[in-house]
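In this note's numbering, the protein residues as written are 107 to 468.
Structure below.
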């Protein structure tokens, strides 16, 4: 097993990361936040935020195709990849992720930066973000106001049920091959090579095999939700330039209900009204990882249109967040019955994070 994991690590280093890469590690009250850094220290700062249940490895194939003079920091969000899980009894919520990213930006001492995110947005600190690229994401995807109370209650009940059963369940141990099959079954949009990349930070070795590193609790329903009215209000506060890259076989295909399509079309129109760019590209939800050449030049051209000067700032003057997640419906949806454990869960609430960061940091 160890040789298999080392082999995957070597393969990814030689095949997809030809520029120098270092590990990012910073302490937080409950443990540490981990990540990866590409590029020179003085380069234009780009923060890269992965999707729900993924990890920062999702940018392994894309970043080598972007300008090498820029500095990219991709983090494993709490409960994902190699970052620590939140303490027992604590919910995974958008405000908490906003605080996490603020900690990261404070540690990096970035005064102004750009964001590349696989799913959500930024809305809390608009004065800090100059440009945002949303990869197959709508930003502030809302929940029907009439369903808010039901969804929030389900989130609370889900946590209580999880805590009751946690001590009864043993952590499932897999062979590397079985873990790979489980991930591919739960995420049809991943190629086999992309799955290997995500498993590099998504697995940990234990006696008898490997276990997934992400926290089970990320699959519970989010208890922090926004209505369409609130989503549009957050969106209206965004000051950053926004590029929305939508995959033709991506998230839009998952939204079958008429109301969901109404929400997404309203949000996209909102970006256009604010001079944002919305571009459709061939591919699926993980197009940036599976076929990065499809989006690399598009992202580069957009970010190069405005390459502002960047400097450092004290921690107290910073705060931001744009987490990209793959949660977006009123109820969790497993793409396969293979495992609710590592299935792609979709909850509208996840997209709020992206919006919050933009409004607060742009």
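A virtual CB, placed ideally from N, CA and C, is assigned to each residue, including glycine. Nothing here was measured: the structure is a model prediction, and the numbers come from that model.
Per DSSP, reduced to three states, the secondary structure at residue 138 is strand. Put simply, of 373, 186, 233 and 392 the residue whose alpha carbon is nearest the alpha carbon of residue 321 is 186. Note that the C-beta distance between residue 241 and residue 392 is not below 7 Å. Nearest to residue 216 by alpha-carbon distance, out of 128, 233 and 250, is 233. Every unbroken stretch of the beta strand (DSSP E) spanning 3 or more residues and falling wholly within the region 299–332 is given here in chain order: 309–312 and 315–318. DSSP, reduced to helix, strand and coil, places residue 359 within a helical segment of the structure shown. In this chain, the beta strand (DSSP E) harbouring residue 221 covers 219–223. The C-beta distance from residue 137 to residue 130 rounds to 14 Å, too long to meet the 8 Å contact threshold.
Here the C-alpha atom of residue 198 lies approximately 36 Å from the C-alpha atom of residue 411. When secondary structure is reduced to three states using DSSP, residue 295 falls in the coil class, being assigned neither helix nor strand.
Contact fails between the region 395–402 and the region 263–272, because fewer than three Cβ pairs, one in each stretch, are under 8 Å apart. Contact between residue 221 and residue 155 holds: their C-beta atoms lie close to 7 Å from each other, under 8 Å. Taking all protein chains in view, the Cβ of residue 366 is crowded by 16 or more other Cβ atoms within 10 Å, so the residue is classified as buried.
Listed in chain order, the non-local C-beta contacts of residue 295 below 6 Å within the same chain comprise 390, 391 and 392, local neighbours out to five positions each way being set aside.
A Cβ-Cβ separation of about 14 Å leaves residue 369 out of contact with residue 254 under the 8 Å criterion.
Taking C-beta separations shorter than 7 Å and ignoring five residues to either side along the sequence, the partners of residue 264 in its chain run 326 and 327, following chain order.
Sorting 334, 243, 314 and 276 by C-alpha distance to the C-alpha of residue 359 places 243 at the top. The three-state secondary structure of residue 274, taken from DSSP, is coil. If you draw a 10 Å sphere on the C-beta of residue 266, you find fewer than 16 other C-beta atoms in it, and that means exposed. Counting along the chain, the unbroken beta strand (DSSP E) around residue 238 starts and ends at 235–241. Cβ atoms of residue 153 and residue 179 come within 8 Å of each other, at about 6 Å.
Straight-line spacing of the CA atoms in residue 161 and residue 308 works out to 7 Å. Taking a contact as a CB-CB distance under 8 Å, the pair residue 387 and residue 374 does not count as one, their CB atoms being some 15 Å apart.
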